[in-house]
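Asker:
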Amino acid sequence: MLRTGCIALACGALLGPLARADSIPATVLDPNLQVTTFLSGLSQPIGIVFLAPDDLLVLEKASGQIKRVIGGVVQSSPVLDLAVNSNSERGLLSAALHPDFPEIPHVFVRWTESSTGADSTAVADVPLLGNVLDRFVWNGSTLTFDRRLIAMRARQTGNIEVPGHPGIVNPGENGNHNGGPIRFGPDGKLYVYLGDLGRRGWLQNLPNGPFLTAPFTDDNFGGPEPDDAHLAGVILRLEPDGSAPADNPFYAVGAAVGGEVGANLQKIYAYGFRNGFGMDFDPVTGALWETENGDDAFSELNRVIPGMNGGWIQIAGPLSRFAQFKFIETTQYARALQQVRYPPTRIVYTAAAALSRMFMLPGATYVDPEFSWKYEVGPAGTTFIVGDALGEAHNGTLWIGSARSFQQVGGTGGSLYRFQLTSDRLHVDVSADPRLADKVADNLFRQQKFEGTESESLIIGTGFGTTPDLVQGPDGNLYVVSVTDGVIYRISALP
């Protein structure tokens, strides 16, 4: 089965050239499995795409290069070299093959453009709409540009004063919350995960934007309505040519609104997300699952339905834990939720009030996460396992990587998580640990991020570093991309 890659770092993490391999060895905790190094010596690998069983493409975040690996050997020339801005979570992010590849030889690439024409790490060296999705043609040896499908917000200018709101500015620009995964669904449509990019408008459940007084904009480029500069915190659903499918949940709404905003509403599959790096489709039901990173409170695992409103920024985690969300963000950490124009003190006092303040497009539905961690643990790359190559017990399970390494944060950093689903595959099966009956892993031993209490039955591996992509190869083995280790690990069954 050919699987495609996802991307990135998380929680505002900055990966620079001094990043080192994780400080503990990669270990898989199932005694029937083994971990080996499949490929090493890479520069910030962030995703892989299998062309054939022994032929794959490797994406490098900061070099902007896609390299071909045949028989375990990296070929001398890249098949594509893009001028990327790799500040923070930007860069070459993900790729996906057309469902009918190679008959239709299209390869879709998500990346962040450098405005200088060369690779850059400077935060301001990016066009306003610099997060782009392009389609390339594979000729058997190289990728040739075909067309741009969509250009999305990249530059975060929350440090620039908005007229009418003097002094309400961030200390500096940011380069995070780009999201990154792209996946083709079983319906043949292309799904694109775009983080909130620090925006505070309609799609972040703020119908009047972040300010309490007029002018009611999002930033110095306008908003809060989702024009091209404010389309953020969404999962898009596109045709392979970049157009909006007519059966998208807000297609009719967008047609009624019209213009740039209406055209963007037509492309939205779900909204109200903060940021995430993991997304995959259940091979049995076709349902879309994604991971979402919290600020300080409540990492999430969501089963996404058409028209879903994930609740951000009014809430993170389940409604039943709303008081804890507010306490952690306003009292325990008391940070700025990245954008000082909407400080934590603006969080309301009850779950009912949070629901009442959400921006609900016609037909939208708020949905609680299927699973949460009380404190942020940084979930990342996500994939379902198909078949028995890793053993019957793993068939149909959902595996999730980490957005921080153990070396960076200790605790659960660098871990791999494995989830069983219920028999109807609508929910996670938490029967192995009665403490998880509420579908929340409470970090009880120490009330802090990356603490692993109540995650013991979920962790299947440790020491893998920051793992933005997990891909099951055509051989049935699981390939784990570690951007911090510069390694692609392979998990396989013991002989």
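Per our numbering, the sequence shown starts with residue 71, numbered consecutively. Don't be surprised by glycine CBs; every beta carbon is placed ideally from N, CA and C. Please read these numbers as outputs of a predicted model, since none were measured by experiment.
I need the DSSP call for Gln226, collapsed to helix, strand or coil.
Answerer: In the structure shown, Gln226 sits in a strand (DSSP, three-state: E or B).
Asker: Once DSSP output is grouped into helix, strand and coil, what is the label at Lys444?
Answerer: Strand at Lys444.
Asker: Hey, Ile118 and Tyr487 are a contact pair by Cβ (cut 8 Å); roughly how many whole angstroms apart?
Answerer: Not quite, the Cβ-Cβ distance comes to about 20 Å (not below 8 Å), so this is no contact.
Asker: Rounded to the nearest angstrom, what separates Gly245 and Gly279 at their Cα positions?
Answerer: Distance between the alpha carbons of Gly245 and Gly279: 21 Å.
Asker: Please classify Arg405 as buried or exposed, where buried requires at least 16 neighbouring CB atoms within 10 angstroms.
Answerer: Result: exposed.
Asker: First and last residue of the beta strand (DSSP E) that includes Leu282?
Answerer: Where Leu282 is concerned, there is no enclosing beta strand (DSSP E), given that its DSSP letter is neither H nor E.
Asker: Do Pro310 and Val510 have their C-beta atoms closer together than 9 Å?
Answerer: No, they are not a contact pair.
Asker: Which runs of the alpha helix (DSSP H) at least 4 residues long sit entirely within the region 313 to 348? Give them in chain order.
Answerer: Counting only runs of 4 or more, we get 321 to 327, 329 to 337.
Asker: Would Gly380 and Glu362 qualify as a contact pair, given that the criterion is a beta-carbon distance under 9 Å?
Answerer: Yes, they are a contact pair.
Asker: In the region 231 to 306, which residue ranges form an unbroken beta strand (DSSP E) of at least 3 residues, counting only runs that do not cross its ends?
Answerer: The region 231 to 306 contains these whole beta strand (DSSP E) runs: 252 to 254, 260 to 264.
Asker: Once the 5 residues before and after Gln145 are set aside, which same chain residues still bring their CB inside 8 Å of it?
Answerer: Only Lys137, Arg138, Val139 meet the Cβ criterion.
Asker: DSSP three-state label for Trp369, please.
Answerer: Just to set this straight, residue 369 is Ser in the shown sequence, not Trp. If DSSP states are grouped into helix, strand and coil, Ser369 belongs with the strands.
Asker: Answer with buried or exposed for Glu526, where buried requires no fewer than 16 other C-beta atoms within 10 angstroms of its C-beta.
Answerer: Glu526 comes out exposed.
Asker: Drop a sphere of 10 angstroms on the beta-carbon of Gly200, count the other beta-carbons inside from all chains shown, and report buried for 16 or more, exposed for fewer.
Answerer: Buried: at least 16 other Cβ atoms inside 10 Å.
Asker: So Trp359 packs on Asn372, CB below 8 Å; how close in whole Å?
Answerer: About 7 Å; that satisfies the 8 Å criterion.
Asker: Go ahead and label Phe392 buried or exposed: buried means 16 or more other beta carbons lie within 10 angstroms of its beta carbon, across all protein chains shown.
Answerer: So Phe392 ends up on the buried side.
Asker: Given a cut-off of 9 Å, decide if His247 and Arg344 are closer than it, judged by their beta-carbon atoms.
Answerer: Result yes, Cβ atoms of Arg344 and His247 sit closer than 9 Å.
Asker: If you reduce the DSSP assignment to three classes, tell me which class Phe454 lands in.
Answerer: Strand at Phe454.
Asker: Please report the Cβ distance between Val105 and Pro115, rounded to the nearest whole angstrom; I am assuming they are in contact, meaning their Cβ atoms lie under 8 Å.
Answerer: Actually they are not in contact, since the Cβ atoms of Val105 and Pro115 sit about 16 Å apart, beyond 8 Å.
Asker: Taking the alpha carbon of Pro574 as the reference point, which residue from Arg180, Thr452, Gly433, Pro95 has its own alpha carbon closest?
Answerer: Residue 574 cannot be examined here, being either before or after the span of the chain that is shown, 71 to 565.
Asker: Rounded to whole angstroms, what is the Cα-Cα separation between Arg269 and Ala302?
Answerer: Arg269 and Ala302: Cα-Cα distance of roughly 7 Å.
Asker: How big is the Cα-Cα spacing for Pro439 and Ser147?
Answerer: Cα to Cα, Pro439 sits roughly 44 Å from Ser147.
Asker: Have a look at Ile558, Arg416, Gly483, Asn209 and flag the residue whose alpha-carbon is nearest the alpha-carbon of Gly522.
Answerer: Of the listed residues, the one whose Cα sits closest to Gly522 is Gly483.
Asker: Please identify the residue among Ala367, Tyr436, Ile252 whose C-alpha is closest to the C-alpha of Ile417.
Answerer: Per the Cα distances, Ala367.
Asker: Which stretch, first to last residue, makes up the beta strand (DSSP E) that contains Ala563?
Answerer: That run of the beta strand (DSSP E) goes 557 to 563.
Asker: When the Cα of Asp204 is compared with those of Val354, Glu183, Gly328, Ile238, which residue comes out closest?
Answerer: When each option's Cα is compared against that of Asp204, the closest is Glu183.
Asker: For His464, does the three-state DSSP call read helix, strand or coil?
Answerer: In the structure shown, His464 sits in a helix (DSSP, three-state: H, G or I).
Asker: Short of 7 Å in beta carbon distance, which residues of its chain neighbour Asn315, apart from the five on each side in sequence? Order them along the chain.
Answerer: Strictly speaking, residue 315 in this sequence is Pro, with Asn absent from that position. Lys259, Arg307, Glu309, listed in sequence order.
Asker: DSSP state of Leu358, grouped into three classes?
Answerer: The answer is strand: DSSP assigns Leu358 an E or B state.
Asker: Just reading off the alpha helix (DSSP H) that Ala424 is part of, what are its end residues?
Answerer: Looking at the DSSP string, the run of the alpha helix (DSSP H) that includes Ala424 is 421 to 427.
Asker: Could you pull out every residue in the same chain whose Cβ sits closer than 6 Å to the Cβ of Lys519, ignoring the five residues on either side in sequence?
Answerer: Tyr445, Glu446, listed in sequence order.
Asker: Do the CB positions of Ile385 and Ile338 come within less than 9 Å of each other?
Answerer: Result no, Cβ atoms of Ile385 and Ile338 do not sit closer than 9 Å.
Asker: Return the first residue and the last residue of the beta strand (DSSP E) that Ala166 is part of.
Answerer: Segment 162 to 167, the beta strand (DSSP E) holding Ala166.
Asker: To which residues does DSSP link Leu126 through a beta bridge?
Answerer: Leu126 is bridged to Phe120, Val139.
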